[in-house]
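So for the sequence shown, the numbering used here puts the first residue at -13; every next one is plus one.
Where a beta carbon is used, it is the ideal one built from N, C-alpha and C, also for glycine.
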Amino acid sequence: MEKRELTCIVCPNGCHLVVEVEGKEIVNISGYECKRGLKYAEDEIIMPKRTLTTTVKAEGGHLPVVSVRTKEPIPKELLNKAVYELSRITVKPPINVGDVIVKNILSTGVDVIATRALYSK
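Printed below as a string of structure tokens:
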């Protein structure tokens, strides 16, 4: 049986979680103070996900790049591929905060949205 230690990042408590795993099955989870910590531990062991934040190139605007993020977390294993796909994109103004830059990135069902506005020069 393998023990994996995690720090929950869902809330400010930062609970120290201990997950006991046998093969690919979770046997026990301890250290959480709320149900969100329990869900975080399960998700982190079964299929870890992260919110991707990065930038995309901009052309003809007041900034050379626009900051973006995934609207929801995507599988951790797809982060590098998503960054590569976003590195190939160039946006033009106008871009508003919340505008969808890429719909359904890597067929995850998750959109990439702008987190900064881009105006014409």
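Please confirm whether residue i and residue j have their CB atoms less than 7 Å apart.
{"i": "L64", "j": "V42", "result": "no"}
{"i": "K62", "j": "R22", "result": "no"}
{"i": "Y26", "j": "V(-4)", "result": "yes"}
{"i": "V98", "j": "I91", "result": "yes"}
{"i": "R55", "j": "T39", "result": "yes"}
If residue i sits next to residue j, beta carbons under 8 Å apart, how far is it from one beta carbon to the other, in whole angstroms?
{"i": "I31", "j": "I12", "result": "6 Å"}
Express the C-alpha separation of residue j and residue i in angstroms, rounding to a whole number.
{"i": "E110", "j": "M(-13)", "result": "Absent from the structure is residue 110, since the part of the chain shown begins at -13 and ends at 107."}
{"i": "K67", "j": "R74", "result": "11 Å"}
{"i": "S53", "j": "I87", "result": "10 Å"}
{"i": "E28", "j": "K78", "result": "41 Å"}
{"i": "E45", "j": "P34", "result": "34 Å"}
{"i": "A100", "j": "V69", "result": "14 Å"}
{"i": "K89", "j": "P80", "result": "17 Å"}
{"i": "G0", "j": "V51", "result": "33 Å"}
{"i": "L49", "j": "L24", "result": "42 Å"}
Which of the three DSSP states, helix, strand or coil, is assigned to residue i?
{"i": "I32", "result": "helix"}
{"i": "V(-4)", "result": "coil"}
{"i": "K118", "result": "Residue 118 falls outside the range modelled here, since the chain spans only -13 to 107, and no answer is possible."}
{"i": "A103", "result": "coil"}
So who's on the other strand from residue i, going by DSSP bridges?
{"i": "P61", "result": "K35"}
{"i": "K43", "result": "V51, T76"}
Going by the C-beta, is residue i closer than 6 Å to any heavy atom of the ligand ZN?
{"i": "K107", "result": "No copy of the ligand ZN appears in this structure; indeed no ligand is present at all."}
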